[in-house]
Amino acid sequence: MKAVSFPSLEAEVSFLRGLTAVHRMADDILEDCFERGLDLDTALDVFLTQCARMVHAVAGFVLVRGTRGPVLTRVLGTQGADVFEVAKETGPLRQPEGRMLFCTQLTLGKLNLGAMGLVVEGRFEDGGQLVMGLVEAIGEQLDSAMLGFLALMDGESVLERLDSLAVDDDATPVPQGRIGRYEVVTPLGTGGMAQVLVARARGPEGLGRLVALKRILPHLSADPSIVGQFLDEARIGLRLAHPNLVTVYDIGEAQGAYYIAMELVRGIDLDRLLRAVEAPLPPAVAVAVVVQGLRGLYAAHTLRGEDGVPLSLVHRDLSPHNLMVGFDGRVKVLDFGVAKARSQRTVTLPGIVKGKPLYMSPEQARGARLDARSDLFAMGLILYQALTGERAFDRGEELASMYAICDEALARPEIIPLPLWEVMAVALAKRPEKRFRSAQEMADRLASVVAPMHEEALSRLVSGRFPDRVRELDRLDRPSAGQTRPARTRALATVKTPR
């Protein structure tokens, strides 16, 4: 790593804290994966996402090369550039829309093992020197962690060992280790608190259905507040039952780590759909997604405890990321009740703009008490984005966006029909008492002014847009035949952008 000059003692302390956190996290991830027989792509999934959070990166990638080229790629968010091209670069690279890509090569002596990059939005008075220094340090730590995996692989040379990561795209997936009674198939994505894996249940009858297995990140598993929040989410999930909410099957603990087994939603999130179409959605499509999401919200908002007392659940973190549009045309709301006590656990470096609170209600932006009507405001903003292709109150930085949410009036875009806008205006009222009384009322009003697309038609639209994802899920559905040892697989996945 090159020498870094710091503008202040505070900047140096922040940098060193970030470096220490990276070292500790890498050790925890490595130990966890060895203990559970998990593969390198599972470790990279966690490492990339958590390092991105530390520098408030909106996207990133890790690319690993063998003798014949890339053998494993993990991708986070939208890069804005061809990963295989920028992986050849080193240093800060200016990107469109005020973004900077910080790219570093992964090396072992003179041997190039691949590259890592993080995309950050912000103003960099030092040209990005501090961030680049931390990214280089992250890359060096990743080099060391990869050596642990390479030591367990067969092959005469390092690059030949990396070659064993590559398999044919249509190969039958085999287990990558076990967590409790579940055999891990492949990582699905990582957030601030937990990693989600595709896994297959194993019972007395043998291998069962595929599930999404959510587990606390290894470097957070000893934090009582994180564990408590995770278990609260699991208890809530077990009580929720609605076609537009994700079903939770099981909670458990294995080797000191808690997990939640839930329905594997076969589809893509609304954010990814919006990026794929690169244009506003037709009103019938946008309303179909939001109406189904509202029905799921209503079931959660009205949930009662065993004593019959309302639980008064509020999602608090709705966005296009946690509205999943299934290939069967059914929409499901993810992560209900997780956001209330979510810990960001980031290291703030000078010149980096934090994530934008683009889907907050005014009362949430002010830190006031929330009820279900806060979620209705968020759904109104999601519908606005789906219909226009723009975020309603995005002002480029956090504080300005929050002021806009609280104080600025929103004019009707010409693209939105007046009857539909009149319904949306109620949901987007600044004062909660001016909004709809419930998510069901909002859903009914939307459906009365725009007929939602039927599930069958929505299914054809989404499946047609993402044939590769449909094929990948079909491949995962095939149980491995007699495989008991973890296999080294190649994975290309898009995971949630850290918030």
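Numbering of the sequence shown is given in our numbering, commencing with residue 419 and proceeding in unit increments. Cβ coordinates follow ideal geometry from the N, Cα and C atoms, glycine included.
Cα-Cα separation, residue i to residue j
i      : j      : result
PHE754 : VAL732 : 8 Å
LEU458 : THR485 : 18 Å
PRO738 : GLY607 : 16 Å
ARG657 : LEU721 : 8 Å
LEU481 : VAL709 : 39 Å
THR496 : PHE520 : 14 Å
GLU840 : ARG787 : 26 Å
SER637 : PRO700 : The sequence given here places His at residue 637; Ser does not occur at that position. Between HIS637 and PRO700, the C-alpha separation is close to 43 Å.
MET842 : LEU729 : 27 Å
VAL888 : PRO870 : 24 Å
VAL705 : PRO835 : 12 Å
PRO850 : GLN782 : 11 Å
ALA865 : GLY714 : 15 Å
VAL751 : ILE686 : 12 Å
LYS506 : LYS528 : 15 Å
SER575 : GLY557 : 21 Å
ALA847 : GLY814 : 22 Å
VAL440 : GLU554 : 11 Å
Residue j beta carbon less than 8 Å from that of residue i
i      : j      : result
LEU462 : ALA477 : no
MET534 : THR525 : no
VAL707 : LEU688 : yes
PHE648 : TYR676 : yes
ALA845 : MET797 : yes
GLU816 : PRO775 : yes
GLU873 : ARG684 : no
ALA857 : HIS660 : no
Status (buried if at least 16 other CB within 10 Å, exposed otherwise) for residue i
i      : result
TYR821 : exposed
VAL431 : exposed
GLY516 : exposed
GLU428 : exposed
LEU448 : buried
ASP735 : buried
THR764 : Confidence at THR764 is low in this model, with a pLDDT of 38, below 50, so the placement of that residue is unreliable and no value is reported for it.
LEU794 : buried
ASN662 : buried
GLY532 : buried
VAL727 : exposed
THR438 : exposed
GLN803 : buried
ILE770 : With a pLDDT of 42 at ILE770, under the threshold of 50, the modelled position of that residue is not reliable, and the figure given next carries that caveat. Answer is buried; the Cβ neighbour count reaches 16.
ALA759 : Residue placement at ALA759 is poorly supported in this model, since its pLDDT is 32, which falls under 50; the coordinates still yield a value, given next. Exposed, since its Cβ has fewer than 16 Cβ neighbours within 10 Å.
Per DSSP, the bridge partner or partners of residue i
i      : result
ILE678 : LYS632 and ILE669
PHE479 : VAL493 and GLY535
PHE520 : PRO510 and LEU536
ASP687 : MET742
PRO488 : ARG483
PRO919 : What the structure shows of the chain is the stretch from 419 to 917, and residue 919 is not part of that stretch, so it cannot be assessed.
Coarse secondary structure for residue i, derived from DSSP in three states
i      : result
ALA499 : coil
ALA919 : The structure shown does not extend to residue 919, since the chain spans only 419 to 917, so no value can be given for it.
LYS750 : strand
ILE834 : coil
ALA786 : coil
ARG855 : coil
GLY598 : coil
PRO780 : helix
LYS729 : At residue 729 the sequence reads Leu, which differs from the Lys that was named. DSSP places LEU729 in coil when its eight states are reduced to three.
VAL664 : coil
ALA706 : helix
LEU526 : strand
ASP723 : For the record, residue 723 in the displayed sequence is Gly; it is not Asp. Coil at GLY723, not helix or strand.
ARG620 : strand
GLY714 : helix
Near the ligand SAH: residue i beta-carbon under 7 Å from a heavy atom
i      : result
ARG853 : This structure lacks the ligand SAH; in fact it carries no ligand of any kind.
8 Å Cβ cutoff, residue i in contact with chain C
i      : result
ILE634 : The structure shown contains no chain C; it holds only a single protein chain.
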